[in-house]
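Everything below concerns the one structure shown next.
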Amino acid sequence: MIHYTDDRRFAVYPFTQQHEEEEIIISRADTASVLILPTDGVEILDCLAEGMSIGELNTYYHDKYDVTPDLDDFLKTVEDAGFILPLEPDQRVDASTVKDLFTNGTAGQVPSPQFHFDNFPESLARQLFSKYTFAICFIIFGITGIAIVLEPSIVPGWQSLVFTEHITLMNLSLMLIGFVGVGLHEMAHLIAARSLGISSRFGIGHRMWVIVAETDMTGVWILPRNKRYIPFLAGPLLDLTIASVLLILLFTVQSGWMTLPETALLIIRALIFGYLLGLLWQCYFFLRTDFYYVIANYFGCKNLMEDAINLLKNYSAKVLPWVQPTDQSHIPLQERKVIGIYAWVWLVGRIVALSVFVLVIIPLLYTYVVIIGQTLLAGYQANPYGFIDVVMIGAIVLSWQGVGIFLWIRSLYQSWRQTHVHTNKTSNTTSLRESNHSGG
0 MIHYTDDRRF
10 AVYPFTQQHE
20 EEEIIISRAD
30 TASVLILPTD
40 GVEILDCLAE
50 GMSIGELNTY
60 YHDKYDVTPD
70 LDDFLKTVED
80 AGFILPLEPD
90 QRVDASTVKD
100 LFTNGTAGQV
110 PSPQFHFDNF
120 PESLARQLFS
130 KYTFAICFII
140 FGITGIAIVL
150 EPSIVPGWQS
160 LVFTEHITLM
170 NLSLMLIGFV
180 GVGLHEMAHL
190 IAARSLGISS
200 RFGIGHRMWV
210 IVAETDMTGV
220 WILPRNKRYI
230 PFLAGPLLDL
240 TIASVLLILL
250 FTVQSGWMTL
260 PETALLIIRA
270 LIFGYLLGLL
280 WQCYFFLRTD
290 FYYVIANYFG
300 CKNLMEDAIN
310 LLKNYSAKVL
320 PWVQPTDQSH
330 IPLQERKVIG
340 IYAWVWLVGR
350 IVALSVFVLV
360 IIPLLYTYVV
370 IIGQTLLAGY
380 QANPYGFIDV
390 VMIGAIVLSW
400 QGVGIFLWIR
410 SLYQSWRQTH
420 VHTNKTSNTT
430 SLRESNHSGG
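If you use numbering that gives the first Met the number 0, the sequence shown corresponds to residues 0 to 439, in order.
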């Protein structure tokens, strides 16, 4: 563990603040670094910015709070996040030069991330997420609801994902359109954040073995809590709007108001079901989905997912002696009540995921196994095109899922290493007073 000497001074990068009850969110806009600190943590940074040394800061803090601050872990965390830099003994900085110190290649600085579509006009973003846009969306939702009541058959089932002819071509077409849809979903998050002056960036990740696109909107945490909902919900809102428009289109076709080619109808039905599955996936509350962030933001919980999992482990520890319980007494009472409720919501998310697996995934896989198996058993000579078709789709699916499974297993291994190899490495981002441990 690093120990800072009493004569050590620091440069402090000018940060923005967002007050959240008893805590303050600080951020650096240029690096998208965000930390949640207690009020006295921000006070310490202010003292360092004024030029206090570690020794002077210890004296000031002890005189004011009558306790000795636990600074080493705190300062290391803040330094790693790029908010402070240690100075040489005779080095001094002022407000006009401090930013240059952080940007001129100083060791330990956090590199500035590459934001995407950062030149997207903020004024246009605000227009796209104006009250008029939301009004149009809700009108579309209302029309869709009426259409479903009048013609329930327009809502497709899992069978809409089954293609018996041109399997590879149809699934590749669906995948390509799906990639566009995912891009639009993430772009909606980005533009919604941009409408509030927040820059974001895209990335590729995975949820278990499912490969997903992601939008890093870390900067939204510096916004007031009530302004974060639009960036969080922009993606699902767009998905629901597109699915609604497609359902209305199906309604007009089934009502005889217009006609479309059968292939187009097959694709539309499959897309609708895919969007509905995507919205249902947002209810997998054991994952950090868009809906999860909405819930965590509403209740102001800093670590809702891990705390809920630890609570469930504590429940199981009462009947399973090999389960190690986790002390959660440091969590505020009101937050513990929310965690207790969310623990059951977490279980509901698992049930939803299991239901989708049993009622959708297994029947879908079984149907395709039968189709592929019958075609392969019939042999190449019986249907050369069909034989090549099923071989190609099998190779594509196995390759895609294989990548996802590899990433999932790798993340599990990395998590295991962090847990078992670095068990002696500890970090505390918010605890300053030795008698007042806080976390979550």
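Just so you know, even glycine gets a beta-carbon here, dropped at the ideal spot from N, CA and C.
Since the structure is predicted, the reported quantities are computational estimates derived from the model, not experimental observations.
According to the Cβ coordinates, are residue i and residue j closer than 8 Å?
{"i": "GLY202", "j": "GLU213", "result": "yes"}
{"i": "ARG268", "j": "SER152", "result": "no"}
{"i": "ASN309", "j": "GLN333", "result": "no"}
{"i": "VAL337", "j": "TRP220", "result": "no"}
{"i": "LEU491", "j": "LEU84", "result": "Outside the modelled stretch of the chain, which goes from 0 to 439, sits residue 491, for which no answer is possible."}
{"i": "TYR341", "j": "VAL293", "result": "no"}
{"i": "ILE139", "j": "SER243", "result": "yes"}
{"i": "ALA192", "j": "PRO230", "result": "yes"}
Take residue i as the anchor and find which of the options has the nearest alpha-carbon.
{"i": "THR167", "options": "LEU406, ILE387, TYR412 and ARG409", "result": "ILE387"}
{"i": "LEU245", "options": "TRP345, LEU270, ASP5 and GLY255", "result": "LEU270"}
{"i": "VAL77", "options": "PHE114, ALA10 and LEU303", "result": "ALA10"}
{"i": "TYR274", "options": "VAL347, MET174 and VAL148", "result": "MET174"}
{"i": "TRP280", "options": "TRP345, ARG224, ALA187 and VAL318", "result": "TRP345"}
{"i": "THR163", "options": "GLU55, ILE395 and VAL389", "result": "VAL389"}
{"i": "MET257", "options": "TYR291, ILE241 and LEU248", "result": "LEU248"}
{"i": "LEU239", "options": "GLN253, ASN225, THR217 and GLY180", "result": "GLY180"}
{"i": "ALA352", "options": "VAL318, TYR297, GLU150 and TYR283", "result": "TYR283"}
{"i": "VAL369", "options": "ASP6, ILE330 and VAL161", "result": "VAL161"}
{"i": "ILE35", "options": "TYR384, GLY277, TYR365 and THR217", "result": "THR217"}
{"i": "ILE395", "options": "ASN170, HIS61 and GLY182", "result": "ASN170"}
{"i": "GLY299", "options": "PRO223, VAL359 and ILE25", "result": "PRO223"}
{"i": "PHE116", "options": "GLU305, SER194 and LEU264", "result": "SER194"}
{"i": "GLY393", "options": "TYR412, LEU364 and GLN380", "result": "LEU364"}
Please classify residue i: does DSSP put it in a helix, a strand, or coil?
{"i": "ALA106", "result": "For ALA106, the pLDDT reaches just 45, beneath the cut-off of 50, and the residue's location in the model is therefore unreliable, leaving the point undetermined."}
{"i": "LEU84", "result": "strand"}
{"i": "THR4", "result": "coil"}
{"i": "ASP215", "result": "strand"}
{"i": "PHE9", "result": "strand"}
{"i": "ILE25", "result": "strand"}
{"i": "GLY196", "result": "coil"}
{"i": "GLY299", "result": "coil"}
{"i": "GLY378", "result": "coil"}
{"i": "PHE201", "result": "strand"}
{"i": "HIS61", "result": "helix"}
May I ask which residues mark the beginning and end of the beta strand (DSSP E) holding residue i?
{"i": "GLN17", "result": "15-19"}
Could you spell out the range, first to last residue, of the alpha helix (DSSP H) harbouring residue i?
{"i": "ILE78", "result": "Reading the sequence as shown, one finds Glu at residue 78 and not Ile. Segment 70-79, the alpha helix (DSSP H) holding GLU78."}
{"i": "ILE166", "result": "166-193"}
{"i": "LEU36", "result": "First-last for LEU36: 32-37, but that is the beta strand (DSSP E), not the alpha helix (DSSP H)."}
{"i": "SER52", "result": "From DSSP, SER52 is part of no alpha helix (DSSP H); its letter is neither H nor E."}
Using a beta-carbon distance below 8 Å, is residue i in contact with chain C?
{"i": "ARG335", "result": "As a matter of chain content, chain C is missing from the structure shown, which is built from one protein chain."}
Within the chosen definition, does the segment 58-73 reach the segment 32-47 through at least 3 CB pairs nearer than 8 Å?
-> By the criterion of at least three beta-carbon pairs nearer than 8 Å, the segment 58-73 is in contact with the segment 32-47.
How about the segment 286-305 and the segment 370-378: do they share at least three Cβ pairs that are nearer than 8 Å?
-> Contact annotation: the segment 286-305 does not touch the segment 370-378, with fewer than three C-beta pairs closer than 8 Å.
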